[in-house]
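Chemist: Oh and the sequence shown: position 44 is 253 in this note's numbering, straight run, nothing missing. Okay, handing you the structure first.
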Amino acid sequence: MEEAIILNGRKLADRIENELSKRVEELYIATNKRPKLVTILVGDFAPSVTYVNMKKRACERVGLDCDIITFNENTTTDKLLEKINELNNDDSVDGIIIQHPVPSHINEQHCFNTVAVNKDVDGVSFYSFGKMCNKEKAFVSATSLGIIKLLKEYDIKIAGKHAVVVGRSAILGKPIAMQLLNANATITIAHSKTENLKEILQQADIVVGALGRPKYLQAEWFKKGVVLIDAGYNAGNVGDIDLENASEIASAYTPVPGGVGPMTIVSLLIQTVESFEEKITK
Ligand code: NAP
């Protein structure tokens, strides 16, 4: 079998960042303003702190303004809602993200749903998700947008293929499943209660690992020629798929790191710039 294609998210994200920087400079020349992304971070969960800082550095590379607003882990849903409403009404803010996960006493989905739809650049509100499901224009989950962009970049055929998404979270599993469905794949969504996961995976042309369990999905569970998208990111820089062995079976795969992660961040930036552009043309 031919060697697997590495779906290089880092390379594609770098190219998109370069294009975006030029677009942002032109916008700055025209308006004397820059698109602004605000991230709300609750608590000091180490991976979340890392992600938030990675997003800030990416904003700086592209010329976007970026604020990180931190809350103590004991904060309340009401305090967060107050801040989100303030940001919704702040005309200088184009994108708002609440870093997932927040502590369990917070009503995360209520916070997500409070973000103004035109600033919901991670597509996390019910309204944005519902629009996307119905193929209406909306901001979408940045990770799922990044995955679709990567598949398109490498001309991976989606229409008619059987895609198995392992994981059904609101921020990742469900949105990528719906985006693949919109691209005319046939979808199976697996989760922790799924029986016969290995048999289901044997039928998959495309697998998205989105379960958050290091190297859980094993090479021998896949059929030859499968396309593997590893969205997982776990301690030790490893994904959800045992890629060392699976890369010999796959026709294409995303490395970890350097696959889905950079595409997620650049997709957030793309949607923040689009939000700014819509604002200035109103
Ligand atoms: P999550 O909210 O914890 O959801 C995990 C999902 O996986 C749940 O639906 C769960 O099923 C399912 N699951 C857990 N164990 C399973 C098993 N043994 N078999 C089948 N399904 C199983 O996680 P998440 O926020 O979606 O994140 C998933 C992974 O993606 C994490 O590694 C995270 O770090 C990574 N991630 C990466 C990016 C990126 O930019 N690369 C962005 C977001 C997330 P139930 O619903 O039944 O509990």
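No residue lacks a Cβ here, since even glycine has one placed at the ideal position from N, Cα and C.
Determine whether the beta carbon atoms of Phe431 and Val416 lie at a separation below 8 angstroms.
Modeler: The residue you call residue 431 lines up with position 222 of the sequence shown. The residue you call residue 416 lines up with position 207 of the sequence shown. Yes. Within cutoff.
Chemist: When DSSP labels each residue in this structure, what does Lys242 get in the three-state scheme?
Modeler: What you label residue 242 is simply residue 33 of the sequence shown in a count that begins at 1. Three-state DSSP puts Lys242 in coil, outside helix and strand.
Chemist: With a 10 Å radius around its C-beta and 16 neighbouring C-beta atoms as the bar for buried, classify Arg224 as buried or exposed.
Modeler: Counted from its first residue, the sequence shown places residue 224 at position 15. Exposed, since its Cβ has fewer than 16 Cβ neighbours within 10 Å.
Chemist: Hey, quick one: how far does the alpha helix (DSSP H) through Ala399 stretch, first residue to last?
Modeler: By 1-based counting over the sequence shown, the position of residue 399 is 190. No alpha helix (DSSP H) holds Ala399; the beta strand (DSSP E) holding it covers Thr395 to Ala399.
Chemist: For Ile338, I'd like the list of residues in its chain whose CB is within less than 7 angstroms of its CB, leaving aside the five on either flank, ordered along the chain.
Modeler: As a position in the sequence shown, residue 338 is number 129, starting the count at 1. One point to set straight first is that residue 338 is Phe, not Ile, in the sequence displayed. Closer than 7 angstroms at the Cβ level, and outside the excluded window around Phe338, lie Gly332 and Pro384.
Chemist: According to DSSP, is Ala386 helix, strand or coil?
Modeler: Taking the sequence shown and counting its residues from 1, the one referred to as residue 386 is at position 177. Note: Ala386 maps to helix in three-state DSSP.
Chemist: Between the segment 263-276 and the segment 318-325, are three or more C-beta pairs nearer than 8 angstroms?
Modeler: Taking 8 angstroms as the limit for Cβ pairs, the verdict is that the segment 318-325 does not touch the segment 263-276.
Chemist: Cβ of Ala419 versus every heavy atom of the ligand NAP: is any distance shorter than 7 angstroms?
Modeler: Counting from 1 along the sequence shown, the entry for residue 419 is found at position 210. Checking the Cβ of Ala419 against the ligand NAP gives yes.
Chemist: May I have the straight-line CA-CA distance separating Leu246 from Lys433, to the nearest angstrom?
Modeler: Here residue 246 corresponds to residue number 37 of the sequence shown, with the count starting at 1. Here residue 433 corresponds to residue number 224 of the sequence shown, with the count starting at 1. Taking the straight line from one Cα to the other gives about 42 angstroms.
Chemist: Decide yes or no for the touch test of the segment 390-398 against the segment 444-451: beta carbon pairs closer than 8 angstroms, at least 3 of them.
Modeler: Touching, no, given that fewer than three Cβ pairs across the two stretches are closer than 8 angstroms.
Chemist: I'd like to confirm something about Thr473: is its beta-carbon nearer than 7 angstroms to some heavy atom of the ligand NAP, or not?
Modeler: Walking along the sequence shown from the start, residue 473 turns up at place 264. Yes.
Chemist: Here's a check: name, in chain order, each residue in its chain whose Cβ is nearer than 6 angstroms to the Cβ of Leu420, leaving out the five neighbours to either side.
Modeler: In the sequence shown, counting from the first residue as 1, residue 420 sits at position 211. So the qualifying residues of the chain are Val375, Gly376 and Asp449.
Chemist: For a quick check, are the C-beta atoms of Val330 and Ser484 less than 8 angstroms apart?
Modeler: The residue you call residue 330 lines up with position 121 of the sequence shown. The residue you call residue 484 lines up with position 275 of the sequence shown. The answer is yes: Cβ separation under 8 angstroms.
Chemist: What residues are listed by DSSP as bridge partners for Asn443?
Modeler: Position 234 of the sequence shown, counted from the first residue, corresponds to residue 443. DSSP, once it has assigned bridges, lists Val447 as partnering Asn443.
Chemist: Gln388: buried (16+ other C-beta within 10 angstroms of its C-beta) or exposed?
Modeler: As a position in the sequence shown, residue 388 is number 179, starting the count at 1. Gln388 comes out buried.
Chemist: Quick one: grab the DSSP three-state call for Ala267.
Modeler: Mapped onto the sequence shown, residue 267 falls at position 58. Helix, per DSSP.
Chemist: What does Asp274 pair with, by DSSP beta-bridge criteria?
Modeler: Here residue 274 refers to the residue found at position 65 of the sequence shown. Beta-bridge pairing links Asp274 to Lys245.
Chemist: So does Ile380 have its beta carbon nearer than 7 angstroms to some heavy atom of the ligand NAP?
Modeler: As a first step, residue 380 must be located in the sequence shown, where it is residue number 171. Yes, Cβ of Ile380 sits closer than 7 angstroms to a heavy atom of the ligand NAP.
Chemist: Verify whether the separation of the beta carbon atoms of Leu477 and Ala351 is less than 8 angstroms.
Modeler: If you number the sequence shown from 1, residue 477 lands on position 268. If you number the sequence shown from 1, residue 351 lands on position 142. Yes, they are a contact pair.
Chemist: Cα separation between Ala459 and Pro256?
Modeler: By one-based count along the sequence shown, residue 459 stands at place 250. By one-based count along the sequence shown, residue 256 stands at place 47. One C-alpha to the other measures close to 29 angstroms.
Chemist: I'd like to know whether the C-beta atoms of Thr286 and His319 end up nearer to each other than 8 angstroms.
Modeler: As a first step, residue 286 must be located in the sequence shown, where it is residue number 77. As a first step, residue 319 must be located in the sequence shown, where it is residue number 110. Yes, these two residues count as a Cβ contact at 8 angstroms.
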